[in-house]
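**Q**
In our numbering, the protein residues as written are 106 to 631.
1) Under 8 Å by Cβ, that's how I've got residue 93 and residue 618 pegged, so tell me the actual separation to the nearest angstrom.
2) In three-state terms, what does DSSP make of residue 506?
3) Taking residue 138 as the reference, give the member of 156, 121, 559 with the closest Cα.
4) Tell me whether residue 114 sits in a helix, a strand or coil according to DSSP, three-state version.
5) If you measure between the beta carbons of residue 346 and residue 162, is that distance less than 8 Å?
6) Mind pulling the alpha helix (DSSP H) runs of 4 or more residues that sit fully within the stretch 223 to 270?
7) If I follow the unbroken alpha helix (DSSP H) through residue 330, where does it start and stop?
8) Roughly how many angstroms separate the alpha carbons of residue 613 and residue 371, rounded to a whole number?
9) Which residues does DSSP list as the beta-bridge partners of residue 448?
10) Give the secondary structure of residue 512 by DSSP, where H, G and I count as helix, E and B as strand, and everything else as coil.
11) Please state whether DSSP places residue 609 in a helix, a strand or coil.
12) Is it right to say residue 143 is buried, meaning 16 or more other beta carbons lie within 10 angstroms of its own, or is it exposed?
13) For residue 560, which residues of its own chain have a beta-carbon under 6 Å away from its beta-carbon, when the five flanking residues on both sides are left out?
14) Output needed for residue 233: all residues of its chain with C-beta closer than 7 Å, excluding positions within five of it in sequence on either side, in chain order.
15) Applying the criterion that 16 or more other CB atoms from any shown protein chain within 10 Å of the CB defines a buried residue, is residue 426 buried or exposed?
16) How should residue 467 be labelled, buried or exposed, when 16 other C-beta atoms within 10 angstroms of its C-beta is the threshold for buried?
17) Quick check on residue 561: does DSSP put it in helix, strand or coil?
18) Could you name the residues that DSSP lists as bridge partners for residue 291?
19) Where are the alpha helix (DSSP H) runs, 4 residues long or more, that stay fully inside the stretch 118 to 154, in chain order?
20) Just verifying my parser: in three-state terms, what is the DSSP assignment at residue 492?
21) Under the three-state reduction of DSSP, which class applies to residue 593: helix, strand or coil?
22) Using the C-alpha atoms, what's the distance from residue 504 back to residue 361?
23) I need the straight-line Cα distance from residue 164 to residue 135, nearest angstrom please.
24) Grab the span of the alpha helix (DSSP H) containing residue 386 for me, first residue to last.
25) Just to confirm, is the Cβ distance from residue 460 to residue 598 under 8 Å?
26) Considering only their Cβ atoms, is the gap separating residue 498 from residue 329 smaller than 8 Å?
27) Which residue from 336, 364, 141, 335 puts its Cα closest to that of residue 224?
28) Is the stretch 169 to 178 close to the stretch 262 to 282, with three or more CB pairs under 8 Å?
29) Given residue 430, which residues of its chain have a CB within under 6 Å of its CB, disregarding the five upstream and five downstream residues?
30) Could you give the first and the last residue of the continuous alpha helix (DSSP H) run that contains residue 377?
31) Measure the C-alpha to C-alpha separation of residue 484 and residue 537 and round it to an integer number of angstroms.
32) Apart from the five residues just before and just after residue 450, which ones in its own chain have a Cβ nearer than 7 Å to its Cβ?
33) Please state the DSSP three-state secondary structure of residue 534.
34) In the DSSP assignment, find the alpha helix (DSSP H) that holds residue 361 and state where it starts and stops.
35) Residue 421 by DSSP, collapsed to three states: which one?
36) Within this structure, are the beta carbons of residue 314 and residue 211 separated by less than 8 Å?
Put into structure tokens, the structure is as follows:
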């Protein structure tokens with residue numbers, strides 16, 4: 106771990122002590138888990154012993170101590186200084202090995218991050234069986250995990266500005282480690298609470314990752330880089346969840362998928378040395394020499410904003426918006442068609458990812474497949490989907506941003522139609538599920554980068570935030586169906602999602618705009 110990340114903070118000793126306390130707290134839960142080995146690792150009804158209670162205390166205290174260790178000094182001065190600094194990569198800046206390494210590291214971080222919510226679908230059959238509860242009651246676990254991701258997205262967005270990008274990822278990893286104790290919780294209520302915390306820890310990784318890329322990538326490479334990193338992270342996370350389910354669940358039960366948070370969280374912490382700190386954060390702390398070294402590595406530049414400029418990298422856009430006197434809105438006539446298309450696409454993606462794909466393992470088990478076979482089928486599907494992320498990235502950057510997104514929507518539609526046919530005609534689910542994973546993850550990978558390139562500066566953050574929130578809202582709607590026991594059969598669910606996908610396709614073909622080669626300042630003229 107690079108000790109420079111702790112310069113100007115409360116202390117490396119506090120962060121190190123916090124990490125040790127959290128890891129030890131998780132380890133103290135393992136004896137309870139191992140006691141159930143002769144009963145298929147079923148722990149339901151077992152009383153929580155003293156080591157578990159001490160372990161929970163250590164985890165809470167450890168997270169607080171680690172957070173204290175990473176907290177910068179003189180926060181007020183830092184926030185004031187940051188508001189007067191802008192950092193950006195010039196349009197014609199070249200890609201370097203530093204960019205490639207950062208992208209690799211962030212892909213691994215996202216795979217670990219996405220694996221957490223993706224594991225929910227593989228956990229549910231065993232959880233329902235062990236706790237002997239109706240599916241609508243068990244659905245509280247993914248529901249509160251999803252609420253946690255919404256909370257985390259807001260929380261980590263704030264913390265990233267206070268702690269810095271790198272420190273936020275480290276703190277998020279510490280929370281990951283602590284939530285491994287989900288795998289040793291004897292009661293459903295404790296699992297629900299821990300899954301909320303897991304979601305809160307995972308929810309901030311994507312926005313922090315995108316923020317890091319946005320600050321370091323040359324603007325002409327930013328779109329495809331975001332698509333590639335987001336796509337590989339999403340497909341890789343689903344593959345990791347299904348692969349570990351296939352490999353470990355038959356022997357160690359569904360609980361092992363939560364216990365994996367310990368090693369994967371520690372991997373994230375150890376990877377922290379490969380993640381650069383935000384140059385803007387360093388400049389706001391007065392650490393100019395370090396900031397300029399990082400800017401030299403990534404080809405970025407900085408400038409100090411005048412009192413009349415907002416905290417933005419595009420001063421022309423601000424100047425135009427300021428003197429034009431008009432305030433663009435998401436739902437104005439010129440933008441309403443595009444906004445509606447992206448909104449419905451985001452909601453449909455949430456229904457697929459947090460509904461259909463989470464219900465799929467349980468549906469396969471109900472049809473007579475073993476959990477091992479179901480996990481193997483889904484791992485094969487995600488493995489097929491993996492290389493298509495590169496194709497998606499290529500068509501987004503080289504062909505057309507509009508038609509790349511349209512293609513992903515059409516693939517999702519074909520996947521839904523195939524799943525619908527599968528329910529009525531039967532057959533092997535590998536290829537229809539692979540097509541659904543390709544399309545839906547392609548939508549997610551393109552959705553936020555496209556939104557960030559499609560709106561005037563004054564509402565760009567609002568637009569991307571709205572679209573991101575709608576992806577979560579779709580998931581909340583899906584889990585609300587589970588909680589109210591209104592989940593339809595998989596084929597009917599696929600059929601229901603086809604309608605919004607068709608609406609998205611029609612709206613986007615008509616109102617979607619091409620952003621490839623677009624000077625974003627031109628958006629201010631409309």
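Think of the CB as a built atom: it goes at the ideal place given N, C-alpha and C, for glycine as much as any other residue.
Quick caveat, the model's predicted, so the values are computed rather than measured.
**A** Considering the structure as presented:
1) Residue 93 lies beyond the residue range present for the chain, which begins at 106 and ends at 631; the question has no answer from this structure.
2) Residue state, collapsed to three classes: helix.
3) 156
4) strand
5) no
6) 225 to 236, 240 to 243, 245 to 268
7) 324 to 357
8) One C-alpha to the other measures close to 42 Å.
9) Answer by DSSP bridge pairing: none, since residue 448 is not bridged.
10) Three-state result, residue 512: helix.
11) helix
12) exposed
13) 568
14) 240, 243
15) The predicted model places residue 426 with a pLDDT of 38, which falls under 50 and marks its position as unreliable; any figure quoted below should be read in that light. It is buried - the Cβ of residue 426 has at least 16 other Cβ atoms within 10 Å.
16) buried
17) Of the three classes helix, strand and coil, the one that applies to residue 561 here is coil, per DSSP.
18) Answer by DSSP bridge pairing: none, since residue 291 is not bridged.
19) 135 to 140
20) coil
21) coil
22) 43 Å
23) Straight-line measurement puts the Cα of residue 135 at about 14 Å from the Cα of residue 164.
24) 384 to 389
25) yes
26) yes
27) Checked all of 336, 364, 141, 335; the closest Cα to residue 224 is 364.
28) yes
29) The predicted position of residue 430 is uncertain, since its pLDDT is 43 and thus under 50; no value can be drawn from it.
30) From DSSP, residue 377 is part of no alpha helix (DSSP H); its letter is neither H nor E.
31) 13 Å
32) Counting only residues of its own chain and dropping the five nearest sequence neighbours on each side, residue 450 has a CB closer than 7 Å to the CB of 514, 548, 552, 609.
33) Residue 534 falls in the coil class under three-state DSSP.
34) 361 to 364
35) For residue 421, the pLDDT reaches just 31, beneath the cut-off of 50, and the residue's location in the model is therefore unreliable, although a value from the coordinates is still provided. Correct three-state label for residue 421: helix.
36) yes
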